[in-house]
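Asker: Handing you a structure now.
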Amino acid sequence: MRTFIAIDVNPEIREVAQEVIDKLISMGFKATWTKPENLHLTLFFLGEMDEKAVDSMAHALQKRLQGFPSFSTDLAGFGYFKFKHSPRVLFLKLEPTKSLQRLFLEMKSELNKNKIKYDEQGNFVPHVTLGRVKEYPNDWEKLVEGIQTPKITLVVDGITIYSSTLTPQGPIYKWVYKLKFEGGLIKNVR
Numbered sequence: 147m148r149t150f151i152a153i154d155v156n157p158e159i160r161e162v163a164q165e166v167i168d169k170l171i172s173m174g175f176k177a178t179w180t181k182p183e184n185l186h187l188t189l190f191f192l193g194e195m196d197e198k199a200v201d202s203m204a205h206a207l208q209k210r211l212q213g214f215p216s217f218s219t220d221l222a223g224f225g226y227f228k229f230k231h232s233p234r235v236l237f238l239k240l241e242p243t244k245s246l247q248r249l250f251l252e253m254k255s256e257l258n259k260n261k262i263k264y265d266e267q268g269n270f271v272p273h274v275t276l277g278r279v280k281e282y283p284n285d286w287e288k289l290v291e292g293i294q295t296p297k298i299t300l301v302v303d304g305i306t307i308y309s310s311t312l313t314p315q316g317p318i319y320k321w322v323y324k325l326k327f328e329g330g331l332i333k334n335v336r
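Below you can see the structure in the form of structure tokens.
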């Protein structure tokens, strides 16, 4: 199964994301937009893994992260990744707090220890992807400068391991495991 590990976002961030997507569409951006129910902060994209490997990884991460203190991070505005002069990915930024960085490094260490391969993207930039750009308006950088987001706090008390099935209508995400820092590993048996 195509697998990734993420932090789920709250309804307030989903609402802001939809408002920003609507603004971007009205500005002339065309993109493969993320459905509100699919919004998340990706920590690691792992690619294809068999079910036994996912089970083993979930238990290893649960053991490593048990007792990790819950923390919060704030929505920190709108951002984008670009290639040359073209926008590629549009997103909402999250504050790269020390706790979030520590969580990322703890997980990375555990994945490396267990020889689990993941997509290494360079520096960890905490973000919630809004869309992958297909077409964009002239002066796009000036247009997006005015996009404001309210300060919304996201409480992080665990992680979710997802499977992703690609379809012509977009990806379908299904949670496989929910891992809570205060103990508890729940497997989705659906």
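Add 146 to the 1-based position in the sequence shown for my numbering, that's all there is to it. Using N, Cα and C, we set each Cβ at its ideal position, and we do this for glycine too. Computed from a predicted structure; not experimentally measured.
Identify every run of the beta strand (DSSP E) within the region 244–315, keeping only runs that are complete inside it and at least 3 residues long; order them along the chain.
Answerer: DSSP runs (the beta strand (DSSP E)) wholly in the region 244–315: 273–281, 299–302, 304–311.
Asker: Using a Cβ-Cβ cut-off of 7 angstroms (strictly less than) and excluding sequence neighbours within five positions of residue 150, which residues of its own chain qualify?
Answerer: 188, 190, 191, 192, 308, 310.
Asker: Quick check on the DSSP output: the beta strand (DSSP E) that includes residue 198 runs from which residue to which?
Answerer: Unbroken run through residue 198 is the alpha helix (DSSP H), 197–211; no beta strand (DSSP E).
Asker: Per DSSP, what kind of secondary structure is residue 157 in: helix, strand or coil?
Answerer: Correct three-state label for residue 157: helix.
Asker: Would you please state the rounded distance, in angstroms, between the beta carbons of residue 236 and residue 207? I believe it to be under 8 angstroms.
Answerer: Not a contact, Cβ separation roughly 30 angstroms.
Asker: Does the region 164–180 come within contact of the region 274–291, defined as at least 3 CB pairs closer than 8 angstroms?
Answerer: A contact exists between the region 164–180 and the region 274–291.
Asker: Compute the distance between the beta-carbons of residue 272 and residue 240, then report whether it is under 8 angstroms.
Answerer: Contact flag set, yes.
Asker: Which of the three DSSP states is assigned to residue 233 in this structure?
Answerer: Three-state result, residue 233: strand.
Asker: Would residue 290 and residue 224 be called neighbours here (beta carbons separated by less than 8 angstroms)?
Answerer: Yes, Cβ-Cβ distance for residue 290 and residue 224 is below 8 angstroms.
Asker: Between the alpha carbons of residue 169 and residue 334, how many angstroms are there, rounded?
Answerer: Looking at the two C-alpha atoms, the distance is approximately 36 angstroms.
Asker: From 315, 274, 226, 232, pick the residue whose C-alpha is nearest to that of residue 158; which is it?
Answerer: Checked all of 315, 274, 226, 232; the closest Cα to residue 158 is 274.
Asker: Are the region 297–305 and the region 319–329 touching by the rule of at least three beta carbon pairs closer than 8 angstroms?
Answerer: Output reads yes: the region 319–329 touches the region 297–305.
Asker: Does the distance from the CB of residue 279 to the CB of residue 242 come in under 8 angstroms?
Answerer: No; because the gap between Cβ atoms is not below 8 angstroms, this pair is not in contact.
Asker: Looking only at its chain, what residues have a beta carbon closer than 6 angstroms to the beta carbon of residue 217, apart from the 5 residues adjacent to it on each side?
Answerer: Excluding positions up to five away in sequence, the list reads 245, 302.
Asker: Short check: CB of residue 250 to CB of residue 227, under 8 angstroms?
Answerer: No, they are not a contact pair.
Asker: Is the beta carbon of residue 211 less than 8 angstroms from the beta carbon of residue 297?
Answerer: Contact flag unset, no.
Asker: Could you say which of 316, 238, 300 lies nearest to residue 165 if we only look at CA atoms?
Answerer: Measuring from the Cα of residue 165, the nearest candidate turns out to be 238.
Asker: Would you decide whether residue 248 is buried or exposed? Buried here means 16 or more other CB atoms lie within 10 Å of its CB.
Answerer: Under this definition residue 248 is an exposed residue.
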